[in-house]
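Residue numbers for the sequence shown follow the numbering used here, beginning at 1 and rising by one.
Quick reminder that beta carbons are idealized off the backbone N, C-alpha and C, glycines included.
Bear in mind the structure is a predicted one, so any value in this text is a computation, not a measurement.
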Amino acid sequence: MQTEFHVGIDDTDSRLGGCTTYAAALLFKELVSKGFKPLDYPWLVRLNPNIPWKTRGNGALSLHFTLEEEQLQEVKKIAIATIERTTDLNQRSTDPAVVFLKGPVPTLLSEFSTRALHSILSVREVRHVAKALDAETHLLKGPRGLVGALASIGANLCQDHTFEIIAYRTRENIGTTRRRVNHNSVRLMDAMFGRLTFNNVDHETGRVLICPHGPDPVLLGIRGEDPASVAKAFNQIEIDEPIERAMIFKTNQGTDAHLSCHRKIETLRPYQSTVIAGIVTGAPRVLRGGHVIFRTGDETGSVDCAAYRATGHVRGTALQLVRGDSVTVSGGIRPRPLGELTLNVEKLEVTELVDSVRAENPSCSNCGTRCESMGRAQGFRCRKCKVRLPKTSLIQRLEQRKITVGVYLPPPRAHRHLTKPASRYGIHRHTPFETKNDNIDQALELIGSISIAS
Ligand SMILES: [Zn+2]
Numbered sequence: 001m002q003t004e005f006h007v008g009i010d011d012t013d014s015r016l017g018g019c020t021t022y023a024a025a026l027l028f029k030e031l032v033s034k035g036f037k038p039l040d041y042p043w044l045v046r047l048n049p050n051i052p053w054k055t056r057g058n059g060a061l062s063l064h065f066t067l068e069e070e071q072l073q074e075v076k077k078i079a080i081a082t083i084e085r086t087t088d089l090n091q092r093s094t095d096p097a098v099v100f101l102k103g104p105v106p107t108l109l110s111e112f113s114t115r116a117l118h119s120i121l122s123v124r125e126v127r128h129v130a131k132a133l134d135a136e137t138h139l140l141k142g143p144r145g146l147v148g149a150l151a152s153i154g155a156n157l158c159q160d161h162t163f164e165i166i167a168y169r170t171r172e173n174i175g176t177t178r179r180r181v182n183h184n185s186v187r188l189m190d191a192m193f194g195r196l197t198f199n200n201v202d203h204e205t206g207r208v209l210i211c212p213h214g215p216d217p218v219l220l221g222i223r224g225e226d227p228a229s230v231a232k233a234f235n236q237i238e239i240d241e242p243i244e245r246a247m248i249f250k251t252n253q254g255t256d257a258h259l260s261c262h263r264k265i266e267t268l269r270p271y272q273s274t275v276i277a278g279i280v281t282g283a284p285r286v287l288r289g290g291h292v293i294f295r296t297g298d299e300t301g302s303v304d305c306a307a308y309r310a311t312g313h314v315r316g317t318a319l320q321l322v323r324g325d326s327v328t329v330s331g332g333i334r335p336r337p338l339g340e341l342t343l344n345v346e347k348l349e350v351t352e353l354v355d356s357v358r359a360e361n362p363s364c365s366n367c368g369t370r371c372e373s374m375g376r377a378q379g380f381r382c383r384k385c386k387v388r389l390p391k392t393s394l395i396q397r398l399e400q401r402k403i404t405v406g407v408y409l410p411p412p413r414a415h416r417h418l419t420k421p422a423s424r425y426g427i428h429r430h431t432p433f434e435t436k437n438d439n440i441d442q443a444l445e446l447i448g449s450i451s452i453a454s
């Protein structure tokens, strides 16, 4: 009797040795080499990026196999041994967890996974769901990693998804921050594969984005629309250091999956990822540091929206909003002292612009000097010749709006992992989960063909 078998892994990141994607790549390769049959590429699932205690893009991994009943124990043993081997348990910030689920993914789990993209889930809740699903959970330390481990199994990657090829460094190079990757070859690759890959280069600054900067084991990662394209793009890069291994992941990166939940303002809570639609209720103001705040309201309340300096055009657009404009704002909710909330803007859609009218005091009919107001409802007076003008002489000047209706995004260098880049607008990849076995054979062939010789 064959059965689907899913392994979810979260939070094995450690500052020096580990990285959850590495553990998953290792485990996938090991299981395949022992003859176990995968259903799909390993999944790299990004969850709610606005949870403060999660770092590095809140990623979890899952592997999906089809197994004989009598193989389950061996696969579990290998999985736990691999995670233990790649995890540095002394790292205070990690709470590694592994979850096993037998059989097809039930709706309860898909719903849980969707909520893990935009809400905060409690450990109590995840334990409850795991129990209801009869999922087997293994904690190497605290319980925090459980949310990601379980959620990654139920991720809705049959909806929009992308791929990432990740190459890993050899032991002697891990910990050095400079990666010997030829940046010109990355720009060339970007020119060749720009439509099939994304976020290789930040075009405003020319900055190469495929290499991380920390001491982690990732040498580089290339994101794109399909496995063959990211593999080909990878082969174009000139790399002057040995590669320990490379793996292709199916992922929800670049899909805006965390921005699917539209909420009314009164229901906003700290650390949600959310979308609100409303009307700008006041003139934007600029804070020290250049950040722009504009208040947006719907029929249930209003909230400050913050467009940080790094968001580029988003900030520039926010600055041009006026009271009465209609906007759809996406981003993360942050608490402020006194219970106030701020929505940190990740995407700004201007849906309607009102006429912007600027009131101007009239000029004196006698000398032409600008008159001064004598106070509310009092009309105007010329300081020089004391001419008085009625209140109705106030001039309403229609101002040319400097922005247009449309979607505004931060530059690629400021993107979250989940941010859907402008180049992917209009693309929505949809495939059913049942990956046929002839596809997986192709996938394994492709993974095997990635050149890691240097
Ligand atoms: Zn005058």
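Under the three-state DSSP convention, the category residue i falls into
i: residue 425; result: coil
i: residue 5; result: strand
i: residue 245; result: strand
i: residue 384; result: coil
i: residue 442; result: helix
i: residue 278; result: strand
i: residue 202; result: strand
i: residue 15; result: Note that residue 15 has pLDDT 49, beneath the 50 cutoff, so the model's placement of it is unreliable and no number is given.
i: residue 268; result: coil
i: residue 30; result: helix
i: residue 402; result: coil
i: residue 98; result: strand
i: residue 417; result: coil
i: residue 397; result: strand
Nearest neighbour of residue i, chosen from the options [CA to CA]
i: residue 168; options: 27, 406 and 21; result: 21
i: residue 428; options: 443, 266 and 224; result: 224
i: residue 105; options: 62, 87, 184 and 78; result: 62
i: residue 209; options: 215, 187 and 226; result: 187
i: residue 275; options: 294, 289, 333 and 322; result: 333
i: residue 118; options: 394, 376, 47 and 178; result: 47
i: residue 412; options: 316, 254 and 300; result: 254
i: residue 362; options: 182, 396 and 325; result: 396
i: residue 96; options: 120, 74, 139 and 295; result: 139
i: residue 51; options: 116, 94 and 9; result: 116
i: residue 161; options: 256, 377, 283 and 367; result: 256
i: residue 145; options: 87, 317 and 262; result: 87
i: residue 45; options: 74, 73 and 7; result: 7
i: residue 57; options: 416, 446, 322 and 156; result: 416
i: residue 207; options: 218, 190 and 219; result: 190
i: residue 450; options: 149, 234, 441 and 182; result: 234
i: residue 344; options: 66, 157, 270 and 65; result: 270
i: residue 172; options: 321, 241, 322 and 447; result: 241
i: residue 342; options: 370, 272, 403 and 113; result: 272
i: residue 170; options: 239, 291 and 35; result: 239
i: residue 323; options: 384, 371 and 283; result: 283
Pairwise C-alpha distance: residue j and residue i
i: residue 408; j: residue 328; result: 11 Å
i: residue 39; j: residue 339; result: 47 Å
i: residue 424; j: residue 229; result: 15 Å
i: residue 79; j: residue 405; result: 51 Å
i: residue 353; j: residue 287; result: 24 Å
i: residue 443; j: residue 43; result: 13 Å
i: residue 99; j: residue 130; result: 9 Å
i: residue 350; j: residue 259; result: 16 Å
i: residue 337; j: residue 331; result: 19 Å
i: residue 421; j: residue 400; result: 30 Å
i: residue 2; j: residue 176; result: 45 Å
i: residue 121; j: residue 147; result: 7 Å
i: residue 247; j: residue 165; result: 6 Å
i: residue 285; j: residue 294; result: 7 Å
i: residue 215; j: residue 178; result: 9 Å
i: residue 11; j: residue 263; result: 29 Å
i: residue 154; j: residue 357; result: 51 Å
i: residue 27; j: residue 82; result: 6 Å
i: residue 303; j: residue 326; result: 14 Å
i: residue 454; j: residue 183; result: Reliability fails at residue 454, whose pLDDT of 45 lies under 50, so the model's placement of it is uncertain and the value that follows must be treated cautiously. C-alpha separation (whole angstroms): 16 Å.
i: residue 452; j: residue 75; result: 27 Å
i: residue 66; j: residue 5; result: 6 Å
i: residue 289; j: residue 311; result: 13 Å
i: residue 381; j: residue 375; result: 10 Å
i: residue 198; j: residue 222; result: 8 Å
i: residue 367; j: residue 298; result: 47 Å
i: residue 439; j: residue 24; result: 20 Å
Closer than 8 Å: residue i CB and nearest ligand 3 heavy atom
i: residue 361; result: Ligand 3 is absent from the structure shown, which contains only ligand 1.
**Residues with C-beta closer than 6 Å to any heavy atom of ligand 1, in chain order** = 364, 366, 367, 369, 382, 384, 385 and 387
**3-residue-minimum beta strand (DSSP E) runs that sit fully inside the stretch 316 to 388, ordered along the chain** = 326 to 335, 341 to 352 and 356 to 360
**Message:** What ranges does the beta strand (DSSP E) occupy inside the stretch 280 to 313, keeping only unbroken runs of at least 3 residues that lie completely in it?
**Reply:** 292 to 298 and 301 to 307
**Message:** Suppose only complete runs of 3+ residues qualify. What are the beta strand (DSSP E) ranges in the stretch 126 to 170, listed by chain order?
**Reply:** 136 to 139 and 162 to 169
**Asked** Which ranges would you report for the beta strand (DSSP E) in the stretch 40 to 86 if only whole runs of at least 3 residues count?
**Response** 43 to 46 and 59 to 68
**Prompt:** Quick one: complete beta strand (DSSP E) runs, 3+ long, within the stretch 167 to 239?
**Reply:** 218 to 224
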